[in-house]
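**Student:** Got a structure for you, questions after.
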Amino acid sequence: RFEPYFGQKLEYLLEELRTIPDRWDLVFLGRKILHNSDEPWLPSSSQLVKVDYTYWTLSYILTRKGAQKLLGANPRTKMVPVDEFLPIMYNRHPNETWKSYFPTRDLQALSVHPLLVFPTHFTGEEGYISDTEGTSTINKECKNKKDEL
1 RFEPYFGQKL EYLLEELRTI PDRWDLVFLG RKILHNSDEP WLPSSSQLVK VDYTYWTLSY
61 ILTRKGAQKL LGANPRTKMV PVDEFLPIMY NRHPNETWKS YFPTRDLQAL SVHPLLVFPT
121 HFTGEEGYIS DTEGTSTINK ECKNKKDEL
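Here my numbering is used: position 70 in the sequence shown is 70, and no number is missing along the way.
Structure below.
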C-alpha cells in the first residue's frame, strides 16, 4: 500500500536524489526494517538513511549503474532470493559464507525514512503470501541434478 501523498513524497525524494547521483545505486521505498538495525542518517538529509540488513524487497529505485553492479555479480549462477542478494551486494548481510560468493559488494544502498510503501498483509495475517519466506536452502543434491541436465 502506498503512503498518503505518495506522489508528492516521491517527487520530493527524487529532487534530493538528483543532487547526490554519486552517493546511491539503490533506494528502498518499502521494506522490513529489522528491530536492531543501525541506520544512520545520510549527512545533510532529512529523509535518507544508510540502509542496514533488511528484508522484504517491496519497493525500490535502482539506477542503471546499480543494475549493472547487480548483473555483474552474475546472480543467475548462484541461487539466492533477492531479499538476501541485495544486502549481500551492499555488504550488510550477516552471513559471511553467502557473501563470499559475491566478492564485489559495492552497491550503494539507501532507504527513504519514513517508508513510502508498505505490504498490504503481514506474516501470519489472512491473505499473506511470500515467494521466499519459509523456503529451504537448496542442497548439493539439487545442484548435482541441475549439472546433469
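All C-beta atoms in this analysis are idealised placements derived from N, C-alpha and C, irrespective of residue type, glycine included.
All figures in this text were calculated on a predicted structure; none of them were measured in a lab.
Would you mind sorting residue 71 into buried or exposed? The rule is 16 or more other CB atoms within 10 Å of its CB.
**Tutor:** exposed
**Student:** Taking only runs that begin and end inside the stretch 4–56, name each unbroken alpha helix (DSSP H) of 4 or more residues, in chain order.
**Tutor:** 6–19
**Student:** Round the Cβ separation of residue 58 and residue 119 to the nearest angstrom and send it over; I've been treating them as touching at under 8 Å.
**Tutor:** 6 Å
**Student:** If you count every other CB in all the chains shown that lies within 10 Å of the CB of residue 24, and 16 or more means buried, which is it?
**Tutor:** Answer is buried; the Cβ neighbour count reaches 16.
**Student:** Are residue 26 and residue 86 closer than 8 Å when you measure CB to CB?
**Tutor:** Yes. Within cutoff.
**Student:** Looking only at its own chain, which residues have a Cβ that is under 8 Å from the Cβ of residue 39, when we skip the five neighbours before and after it?
**Tutor:** 33, 49, 50, 51, 52, 111, 113
**Student:** Which value, in whole angstroms, describes the spacing of the CA atoms of residue 17 and residue 126?
**Tutor:** 37 Å
**Student:** Closest by CA to residue 106, which one among 22, 61, 128, 42?
**Tutor:** Ranking the options by Cα distance to residue 106, first place goes to 22.
**Student:** May I ask you to report which of helix, strand or coil DSSP gives residue 67?
**Tutor:** helix
**Student:** What did DSSP end up calling residue 82 once you bin it into helix, strand or coil?
**Tutor:** helix
**Student:** Compute the Euclidean distance between the alpha carbons of residue 3 and residue 116, then round it to the nearest angstrom.
**Tutor:** 5 Å
**Student:** Which residues in the same chain have their Cβ closer than 6 Å to the Cβ of residue 31, if we skip the five residues on either side of it in sequence?
**Tutor:** 54, 56, 58
**Student:** Exposed or buried, residue 89, counting other C-beta atoms within 10 Å across all chains shown (16 or more means buried)?
**Tutor:** Only buried fits residue 89, as 16 or more other CB atoms lie within 10 angstroms of its CB.
**Student:** CB-CB under 7 Å to residue 98, same chain, minus the five flanking residues each way: which ones, in chain order?
**Tutor:** 80, 84, 88
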